[in-house]
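Visitor: Just dropping this structure here.
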Amino acid sequence: MIEAGPQERARLMRTPQSVDIDITDRCNLRCKYCYFYTSPADVKTDLPLEEWLRFFEELNRCAVTEVTLAGGEPFIREDLKEILEGVIRNRMRFSILSNGTLITEDMARFLGSTPRCNYVQVSLDGSEPETHDSCRGKGTFEKAVAGLRLLQKHKVNVAVRVTIHRYNVRDLEATARFLLEDLGLSGFGTNSAGHMGLCQKNMEQVELTTAERELAMKTLLALNKKYGGRISASAGPLAEGRMWSRMERARRQGAAAFPEGGRLTGCGCPFSKISVRTDGVIVPCNMLSHIELGRINRDRLDDVWRNHSELWKMRDRRSIPLSRFEFCRGCPYLDYCTGNCPALAYSLLGVVDHPSPDGCLRKFLDEGGHLPEEELLEP
Amino acid sequence: MSADKPVANPQVVLREEFDDWAVLFDPDTAEGFAVNPVGVLIWKELDGNHDIADIVRVVREKCENVPEDVETHCREFVDSLIRKGLVGTEVTHD
Chain A
1 MIEAGPQERA RLMRTPQSVD IDITDRCNLR CKYCYFYTSP ADVKTDLPLE
51 EWLRFFEELN RCAVTEVTLA GGEPFIREDL KEILEGVIRN RMRFSILSNG
101 TLITEDMARF LGSTPRCNYV QVSLDGSEPE THDSCRGKGT FEKAVAGLRL
151 LQKHKVNVAV RVTIHRYNVR DLEATARFLL EDLGLSGFGT NSAGHMGLCQ
201 KNMEQVELTT AERELAMKTL LALNKKYGGR ISASAGPLAE GRMWSRMERA
251 RRQGAAAFPE GGRLTGCGCP FSKISVRTDG VIVPCNMLSH IELGRINRDR
301 LDDVWRNHSE LWKMRDRRSI PLSRFEFCRG CPYLDYCTGN CPALAYSLLG
351 VVDHPSPDGC LRKFLDEGGH LPEEELLEP
Chain B
1 MSADKPVANP QVVLREEFDD WAVLFDPDTA EGFAVNPVGV LIWKELDGNH
51 DIADIVRVVR EKCENVPEDV ETHCREFVDS LIRKGLVGTE VTHD
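Residue numbers (our numbering), protein chains in the order written: chain A, 1 to 379; chain B, 1 to 94.
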């Protein structure tokens with residue numbers, strides 16, 4: 001591998017700009033596609049409040065500006081308010097990723113009272129209980145919507161995430177109408193169930209077939225057009241529909257390689273953020289929780305960030321050419337491909353330094369998939 | 001407009017980067033402001049104990065090719081920080 005030279009190393013941020021923290025291993029639900037449970041992130045240990053508060057002081061000294069609290073279900077922690085007060089005291093902003101079912105009026109009021117909350121992300125997978133509850137459990141739709149409405153009532157910025165799977169792929173129009181029209185959200189994000197954690201066990205039930213993936217792609221692009229760009233995605237069918245269409249257009253026109261194309265550049269996270277497991281172990285990403293870099297309140301975060309060889313391996317990944325992989329041999333999209341998510345590559349193949357087969361356009365087409373029509377794409 | 005002895009808002013985060021430039025980040029508004037290395041030097045003097053003349057002295061001492069009208073530049077920079085709410089003055093009660 002070509003390793004980053006001294007110049008590249010010198011150009012790294014001195015400290016991470018943000019930190020993703022799995023604040024608890026506990027959750028009141030067991031969603032069928034949860035990436036967390038049974039993954040290396042699921043270490044069955046929660047740290048006490050004092051340990052987190054001490055760590056936040058270090059984040060303050062490191063000039064970290066924001067944390068994202070996830071898990072598990074953050075709202076299950078009885079001391080969440082004290083945790084957030086610690087974040088605020090240490091000059092940071094925060095976001096929370098939640099299933100929405102445990103949000104109380106008191107907590108929503110608290111969140112609405114601070115200017116530091118970027119957003120609370122609530123997972124909502126459909127327009128009605130049948131689709132949402134199919135993977136998340138009976139009664140969870142009503143509770144999640146109630147939690148969401150409490151956040152709206154107290155003017156907390158709500159970000160809804162729709163995970164697309166077999167049970168809701170035909171409910172996307174109604175879902176968009178429910179979220180954007182009935183609930184009045186300014187937008188929502190989408191992804192799809194990835195091959196991690198509990199999802200690996202339940203693939204047959206949740207993973208989209210090629211035809212369903214194609215359907216999701218086309219439906220979401222059409223809906224996004226209808227709703228003026230209010231649907232977003234950094235992964236999943238909508239993101240793939242956009243990216244793959246760009247790649248196909250470039251191939252057809254014989255365009256020059258994309259600036260990030262032809263190498264494993266699909267993940268920029270190790271250049272700006274780092275993660276912490278529920279047991280305080282520092283990892284590059286909560287979806288690559290098997291790569292242990294140190295422990296909070298024992299190892300210095302700035303030292304781990306700047307010097308840990310495993311983290312540099314993650315960063316140096318960007319120099320690995322796709323042409324090296326048998327999997328990519330002869331691919332007409334090589335110059336336009338980034339190899340996608342390393343965590344998905346790891347969960348599918350057990351190797352981080354490999355393109356993710358899940359995000360492969362050639363594979364999608366070989367399996368009978370078709371790209372969306374040009375008129376569905378944004379200019 | 002410049003306060004006699006300006007003081008940095010303690011809630012504002014100074015994120016120094018690899019090239020000695022920095023970002024001043026206001027966590028209450030989520031706004032960030034890019035600051036050049038001289039600005040970083042000045043920011044670190046905004047502790048409520050130094051007036052503009054002190055700051056100018058430090059800039060002259062530590063920087064090269066300092067222009068004649070450096071005081072005006074320093075004053076304008078501090079004023080811009082005050083307008084953005086990143087800097088204030090300490091209030092003392094007699």
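Heads up, the beta-carbon is just placed ideally off N, CA and C, and yes, glycines get one too.
#1: Can you tell me whether residue 77 (chain B) is buried or exposed, with buried defined as 16 or more other CB within 10 angstroms of its CB?
#2: Cβ of residue 279 (chain A) within 8 angstroms of Cβ of residue 68 (chain A)?
#3: Between residue 64 (chain B) and chain A, is the shortest Cβ-Cβ distance under 8 angstroms, so that the two count as touching?
#4: Does the stretch 28 to 43 of chain B touch the stretch 110 to 118 of chain A, meaning 3 or more C-beta pairs lie closer than 8 angstroms?
#5: So residue 65 (chain A) contacts chain E; which residues on that side make the cut at Cβ distance below 9 angstroms?
#6: With a Cβ-Cβ cutoff of 8 angstroms, do residue 385 (chain A) and residue 14 (chain A) count as a contact?
#7: Select from the stretch 180 to 202 of chain A all residues with a C-beta closer than 9 angstroms to any C-beta belonging to chain B, and list them in chain order.
#8: So which residues on chain B does residue 10 (chain A) lean against when the C-beta distance must stay under 8 angstroms?
#9: Considering only residues of the same chain and omitting the five flanking positions on each side of residue 176 (chain A), which have a CB-CB separation below 6 angstroms?
#10: Looking at the structure shown, is residue 1 (chain A) part of a helix, part of a strand, or coil, going by DSSP?
#11: Of the choices A:54, A:232, A:274, whose alpha-carbon is the least far from that of residue 383 (chain A)?
#12: Looking at the C-beta of residue 306 (chain A), does it have a partner C-beta in chain B at a distance below 8 angstroms?
#13: Closer than 7 angstroms between beta carbons: that is the criterion. Which residues of the stretch 305 to 331 of chain A meet it against chain B?
#14: Determine the direct distance from the alpha carbon of residue 161 (chain A) to that of residue 31 (chain A), and round the result to whole angstroms.
#15: If you reduce the DSSP assignment to three classes, tell me which class residue 346 (chain A) lands in.
#16: Residues in the stretch 81 to 104 of chain A with C-beta within 7 angstroms of chain B's C-beta atoms, listed in sequence order?
#17: Leaving out five residues on either side along the sequence, give the residues of the same chain with a beta carbon under 6 angstroms from the beta carbon of residue 100 (chain A).
#18: Does the CB of residue 40 (chain A) have a neighbour CB from chain B at under 8 angstroms?
#19: As a quick exercise: from B:7, B:11, B:18, pick the residue whose alpha carbon is nearest that of residue 42 (chain B).
#20: Using a 10 Å radius around the Cβ and a threshold of 16 neighbouring Cβ atoms, would you call residue 181 (chain A) buried or exposed?
#21: On the premise that residue 236 (chain A) lies in contact with residue 265 (chain A), defined as a C-beta separation below 8 angstroms, what is that separation, rounded to the nearest angstrom?
#22: Can you pull the DSSP bridge partners for residue 295 (chain A)?
#23: Strictly by DSSP, which residues pair up with residue 119 (chain A)?
#24: Excluding sequence positions up to five away, which residues of its chain have a Cβ less than 6 angstroms from the Cβ of residue 354 (chain A)?
#25: Rounded to the nearest angstrom, what separates residue 380 (chain A) and residue 220 (chain A) at their Cα positions?
#26: Give me whichever residues DSSP pairs with residue 15 (chain B) in a beta bridge.
#27: For residue 54 (chain B), which of helix, strand or coil comes out of DSSP?
#28: Check whether chain B comes within 8 angstroms of residue 74 (chain A), counting only Cβ atoms and requiring the distance to be less than that.
#29: Out of A:373, A:374, A:359, which one is the CA nearest neighbour of residue 367 (chain A)?
#30: Compare the C-beta of residue 61 (chain A) with all C-beta atoms of chain B and state if any pair is closer than 8 angstroms.
#31: Mind pulling the chain B residues with CB within less than 9 angstroms of residue 14 (chain A)?
Guide: Answer, in terms of the structure:
#1: buried
#2: no
#3: no
#4: yes
#5: Among the protein chains of the structure shown, namely A and B, there is no chain E.
#6: Examination of residue 385 (chain A) is not possible in this model, given that chain A is present from 1 through 379 alone.
#7: none
#8: 18
#9: 223
#10: Confidence at residue 1 (chain A) is low in this model, with a pLDDT of 45, below 50, so the placement of that residue should be treated as unreliable; the coordinate-derived value is given next. Of the three classes helix, strand and coil, the one that applies to residue 1 (chain A) here is coil, per DSSP.
#11: Given that chain A is displayed from residue 1 to residue 379, the structure contains no residue 383 (chain A) and the question cannot be resolved.
#12: no
#13: none
#14: 14 angstroms
#15: helix
#16: 91, 92, 93
#17: 122, 144, 147, 148
#18: no
#19: B:7
#20: exposed
#21: Actually they do not touch by this definition, with Cβ atoms about 19 angstroms apart.
#22: A:281
#23: A:95
#24: 345
#25: Given a span of 1 to 379 for chain A in the structure shown, any question on residue 380 (chain A) remains unanswerable.
#26: B:23
#27: helix
#28: no
#29: A:359
#30: no
#31: 15, 16, 17, 18
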